[in-house]
Amino acid sequence: MYMLRVVKSVKQSIQPNNDLENMMDIFRDMMNHCIRIGIKENCSTLKRMSILSYHELRNYDILSSYKICAISQACGILAKYKKEFKKNPNAKMPYITKPYITNCYQIKHNGSLLTIPFKPHQPINILLNNHTQQILSDDTLKVRSFTITALNISICISKEVETIECTKIVGIDRNLKNVTCGNNESVTFYKTNKLLSIKQNTIYARAGFKRNDHRKKKQYYKNMQNRLQNRTKQFIHKISKDIVTNAVQTKSIIAFENLKGIRKLYRKGNGQGNKYRKKMNGWQFYELQRQVQYKASWEGIPVVLVDPKRTSKLCPICGDRIQEDRQNRRKLLCINCGKSMDRDVIASMNIAHKAWSGSTHARGDTSEAKCSIFEEPMTEPKSSNYDDVVIRIVDVSKLTCRVGSL
């Protein structure tokens with residue numbers, strides 16, 4: 001076991017304030033000033049940008065800590081622009097339009113108030129809601145920075161976490177209609193059909209807007225998109241919370257397939273229909289991985305990524321190649337051991353085996369059964385007859401979501 005520093009953010013709404021609005025406008029102007037200097041001098045490193053632009057910002061009436069943060073933000077934007085410019089020489093030059101402000105210096109938290117710097121010996125106090133107070137009441141937490149927009153404040157916090165010495169591994173297979181989490185002992189199905197219906201209902205609602213007013217139409221589409229994102233994130237939050245809670249109870253490593261670049265399979269011109277491509281490109285596979293990763297790290301649970309190759313084509317019991325059952329396409333049949341298994345159960349088992357073995361074979365080699373996270377070899381997942389595997393089907397809409405959890 002070792003100590004690990006983990007970071008996450010807490011977001012809440014705030015009341016508009018003239019002083020904050022003026023600071024956000026000044027901060028935005030400083031970033032655009034630094035971006036112009038960086039493009040002119042072909043500079044995106046923090047050290048050189050500070051030398052070139054710090055004295056240029058002396059005319060802005062704001063504390064020096066905000067000037068340093070504005071330079072840092074501009075460097076990040078310029079680095080992203082240079083990367084895009086290499087791919088597309090006609091890339092649009094960056095320009096910040098929305099006002100916001102961020103700082104990581106002179107932040108104090110005292111009960112229900114968050115104190116941020118404004119002028120020398122004249123700070124601004126922001127009232128925190130009950131949810132934020134409950135999270136920040138932990139003495140082990142440290143407030144690292146804050147970001148304020150027109151309506152919200154996001155507070156970045158960190159703490160030192162002792163990693164859990166895990167003895168098991170669970171594999172997670174992500175699909176359009178379900179998320180399967182399990183190994184050779186138990187498998188859990190999280191039904192995600194409702195996500196598809198939420199997406200489809202949003203499309204129908206947008207198509208039903210008939211008013212010939214561009215401003216109203218744009219605002220309506222924006223509201224519908226925000227509603228879709230909020231409902232989707234809340235739905236995935238319940239799944240990720242349950243996965244991490246079970247992993248903490250069973251002391252299990254969480255393994256995902258590395259699906260980076262999967263969007264390339266569903267581009268226009270690949271011989272697929274428009275409806276199919278829209279459905280696959282609207283698949284929120286990374287959001288689940290993101291939420292599980294930060295929640296698991298906050299609890300001290302490691303998360304690993306494995307190669308998705310052949311996870312649904314090899315038998316998790318004997319390692320032989322399996323065939324599709326023509327009578328039931330959800331089932332896969334192993335000729336060698338005679339077992340017929342659900343394809344998502346097979347995938348979750350093989351992902352767990354790959355994470356355990358660290359090799360490309362679904363079952364792995366026992367002599368190489370050592371995970372890089374631990375100094376000592378892990379225990380091999382026990383082979384099962386599949387009939388002994390406990391399968392649990394979860395209705396995500398009935399999962400409880402307590403405020404302040406994970």
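The working numbering applies: residue 1 is where the sequence shown begins, and numbers increase by one. Just so it is clear, CB atoms sit at the ideal spot from N, CA and C, and this is done for glycine as well. On a predicted model such as this, the values are computed, not experimentally measured, just so you know.
Give the secondary structure of residue i by DSSP, where H, G and I count as helix, E and B as strand, and everything else as coil.
i: residue 115; result: strand
i: residue 103; result: strand
i: residue 156; result: strand
i: residue 299; result: helix
i: residue 287; result: helix
i: residue 57; result: helix
i: residue 190; result: strand
i: residue 320; result: coil
i: residue 391; result: strand
i: residue 347; result: helix
i: residue 202; result: helix
i: residue 96; result: coil
i: residue 369; result: Annotation note: pLDDT 34 at residue 369 (below 50); position unreliable, coordinate value reported separately. Coil at residue 369, not helix or strand.
i: residue 144; result: strand
i: residue 305; result: strand
i: residue 314; result: strand
i: residue 255; result: strand
Go to residue i, then tell me how far its beta strand (DSSP E) extends in each direction, as first and last residue.
i: residue 276; result: First-last for residue 276: 274 to 281, but that is the alpha helix (DSSP H), not the beta strand (DSSP E).
i: residue 65; result: Residue 65 -> not in any beta strand (DSSP E); alpha helix (DSSP H) instead, spanning 64 to 87.
i: residue 5; result: 3 to 13
i: residue 127; result: 122 to 127
i: residue 168; result: 168 to 174
i: residue 341; result: 340 to 342
i: residue 180; result: 178 to 182
In whole angstroms, what separates the C-alpha of residue i from that of residue j?
i: residue 44; j: residue 75; result: 5 Å
i: residue 11; j: residue 152; result: 7 Å
i: residue 100; j: residue 21; result: 8 Å
i: residue 26; j: residue 147; result: 14 Å
i: residue 15; j: residue 112; result: 15 Å
i: residue 65; j: residue 176; result: 46 Å
i: residue 276; j: residue 81; result: 32 Å
i: residue 243; j: residue 393; result: 13 Å
i: residue 84; j: residue 267; result: 20 Å
i: residue 340; j: residue 330; result: 10 Å
i: residue 342; j: residue 235; result: 24 Å
i: residue 254; j: residue 171; result: 6 Å
i: residue 31; j: residue 212; result: 38 Å
i: residue 193; j: residue 174; result: 12 Å
i: residue 9; j: residue 115; result: 17 Å
i: residue 88; j: residue 207; result: 34 Å
i: residue 158; j: residue 294; result: 12 Å
i: residue 142; j: residue 125; result: 18 Å
i: residue 183; j: residue 72; result: 44 Å
i: residue 287; j: residue 233; result: 8 Å
i: residue 134; j: residue 118; result: 26 Å
i: residue 168; j: residue 252; result: 4 Å
i: residue 33; j: residue 106; result: 24 Å
i: residue 13; j: residue 149; result: 9 Å
Where does residue i land, buried or exposed, given buried means 16+ other C-beta within 10 angstroms?
i: residue 155; result: buried
i: residue 3; result: exposed
i: residue 103; result: buried
i: residue 132; result: buried
i: residue 291; result: buried
i: residue 209; result: exposed
i: residue 160; result: exposed
i: residue 121; result: exposed
i: residue 179; result: buried
i: residue 311; result: buried
i: residue 138; result: exposed
i: residue 289; result: buried
i: residue 93; result: exposed
i: residue 397; result: exposed
i: residue 197; result: exposed
i: residue 55; result: exposed
i: residue 86; result: exposed
i: residue 58; result: exposed
i: residue 390; result: exposed
Which residues mark the beginning and the end of the alpha helix (DSSP H) in which residue i is found?
i: residue 40; result: 18 to 41
i: residue 150; result: Where residue 150 is concerned, there is no enclosing alpha helix (DSSP H), given that its DSSP letter is neither H nor E.
i: residue 235; result: 214 to 250
i: residue 333; result: Per DSSP, residue 333 belongs to no alpha helix (DSSP H); it is in the beta strand (DSSP E), 331 to 334.
i: residue 110; result: From DSSP, residue 110 is part of no alpha helix (DSSP H) but of the beta strand (DSSP E) over 108 to 110.
i: residue 135; result: 130 to 136
Does the ligand GTP have a heavy atom nearer than 7 Å to the CB of residue i?
i: residue 130; result: What this structure holds is no ligand at all, so the ligand GTP is not there to describe.
Contact between the stretch 251 to 264 and the stretch 277 to 296 (3+ Cβ pairs under 8 Å): The stretch 251 to 264, when compared against the stretch 277 to 296, does touch it at the 8 Å Cβ threshold.
At least three beta-carbon pairs within less than 8 Å, the stretch 180 to 194 to the stretch 340 to 350: Touching, yes, given that three or more Cβ pairs across the two stretches are closer than 8 Å.
Inter-stretch contact (C-beta, 8 Å, three-pair minimum) for the stretch 294 to 306 and the stretch 243 to 258: Yes: at least three Cβ pairs fall under 8 Å.
Touching by the beta-carbon criterion (3+ pairs, under 8 Å), the stretch 332 to 347 and the stretch 305 to 320: The stretch 332 to 347 vs the stretch 305 to 320: in contact.
The stretch 198 to 217 / the stretch 29 to 49 touching (three or more Cβ pairs under 8 Å): Segments in contact, no.
Stretch pair the stretch 213 to 231 + the stretch 265 to 273: three plus CB contacts closer than 8 Å: Segments in contact, no.
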